[in-house]
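With my numbering, letter number 40 in the sequence shown gets 45, and the count goes up by one each step, no holes.
All residues carry an ideal CB built from backbone N, CA and C; glycine is no exception.
Down below is the structure, laid out as structure tokens.
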Amino acid sequence: MKMSIQRFVVPISYLKQPLFQDLLSKAEEEFGFEYRMGNLMIPCPIHHFVNLTSHFS
6 MKMSIQRFVV PISYLKQPLF QDLLSKAEEE FGFEYRMGNL MIPCPIHHFV
56 NLTSHFS
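The following block contains the structure:
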């Protein structure tokens, strides 16, 4: 299955959100700490990411 990739710039305040921290943990499990070109890849569907972050204030 081909993964869709989209670039997002998020506020640093998202790092305090437990649900966003869960996404970061999943990224660590899947990709470790090696990122090509400095981009952080989050392993979830784009619509899920947009829906999740739309609830952060």
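### Message
the ligand PLP and Leu20: does any heavy atom of the ligand fall closer than 8 Å to the residue's C-beta?
### Response
Ligands displayed in this structure: none; no statement on the ligand PLP is therefore possible.
### Task
Look at the alpha carbon of Pro23 and the alpha carbon of Phe61, and state the distance between them as a whole number of angstroms.
If you number the sequence shown from 1, residue 23 lands on position 18. If you number the sequence shown from 1, residue 61 lands on position 56. Pro23 and Phe61: Cα-Cα distance of roughly 11 Å.
### Task
Use the C-beta contact count for Leu45: other C-beta atoms within 10 angstroms, 16 or more gives buried, fewer gives exposed.
Position 40 of the sequence shown, counting from 1, holds the residue named residue 45. Around the CB of Leu45, fewer than 16 other CB atoms lie within 10 Å, so the residue is classed as exposed.
#### Entry: Straight-line gap, Leu57 to Glu39 (C-alpha atoms, nearest Å)
Numbered from its first residue, the sequence shown carries residue 57 at position 52. Numbered from its first residue, the sequence shown carries residue 39 at position 34. The alpha-carbon atoms of Leu57 and Glu39 are separated by roughly 25 Å.
### Query
Does any C-beta atom of chain D lie closer than 9 Å to the C-beta of Ser30?
Absent from the structure is chain D; it holds one protein chain and no more.
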